[in-house]
Amino acid sequence: MPDIVRTLTLVTASWAIESAMIRLIMRDRFRWQSLIDLFWINLLTNPAANYAYGELGWNWWFVESAVAIAEIWPIGRSLRVSIPQAIGLSILANGTSAIAGRVVEILNS
Numbered sequence: 449m450p451d452i453v454r455t456l457t458l459v460t461a462s463w464a465i466e467s468a469m470i471r472l473i474m475r476d477r478f479r480w481q482s483l484i485d486l487f488w489i490n491l492l493t494n495p496a497a498n499y500a501y502g503e504l505g506w507n508w509w510f511v512e513s514a515v516a517i518a519e520i521w522p523i524g525r526s527l528r529v530s531i532p533q534a535i536g537l538s539i540l541a542n543g544t545s546a547i548a549g550r551v552v553e554i555l556n557s
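For what it's worth, our numbering labels the leading residue of the sequence shown as 449, then goes sequentially.
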C-alpha cells in the first residue's frame, strides 16, 4: 500500500474510533463540527505517532501517552469541556484507538 494511502487509512481509522468513543460519552453535548475538529487533530498526531513508533522505534507506551497528552487541549477547545474532562476524553479515546491499532498490528504479524 502506498505511504499516503496507508497514512490516510490509519488517520481515518483512528478518527472514526476516537469520534465514536467521544460521541458515546458526550451524547447530546456532542457538536457535529467536532467531527471535523477531531479529524484535523488526528491528522496532526497520528502520522507523527506512527513515524515515532514504526520508523524510529520509540516505545509504544511513550508514544501513545504523548499523543493523549498532546490532544488534551485541542479536544477541550473543540468540545468546550474543562481540562479535567478533556484529559478523561483524551485518555479514553486515544486508549481505545491505540489498543485497536495494536490488536490489528498483532493480527497482521
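C-beta: ideal position from N, C-alpha, C; glycine also. All of these numbers come straight from a predicted model, not from anything done at the bench.
query, result
"Are the Cβ atoms of M469 and L540 separated by less than 8 angstroms?", "yes"
"Could you give the first and the last residue of the continuous alpha helix (DSSP H) run that contains W509?", "508-518"
"Going straight from the alpha carbon of T536 to that of A514, what length do you get?", "It is worth fixing the name first, because residue 536 is Gly in this sequence and not Thr. Cα to Cα, the separation comes out at about 14 angstroms."
"Going by beta-carbon coordinates alone, are P522 and I489 separated by less than 8 angstroms?", "yes"
"Inspect the beta-carbon positions of T544 and I465 and report whether they are closer than 8 angstroms.", "yes"
"According to the neighbour-count rule (16 or more other Cβ atoms, all chains shown, within 10 Å of its Cβ), is V511 buried or exposed?", "buried"
"Do the CB positions of A497 and I520 come within less than 8 angstroms of each other?", "no"
"What residue range is occupied by the uninterrupted alpha helix (DSSP H) comprising D485?", "481-498"
"Determine the DSSP secondary structure at L504, reduced to helix, strand or coil.", "coil"
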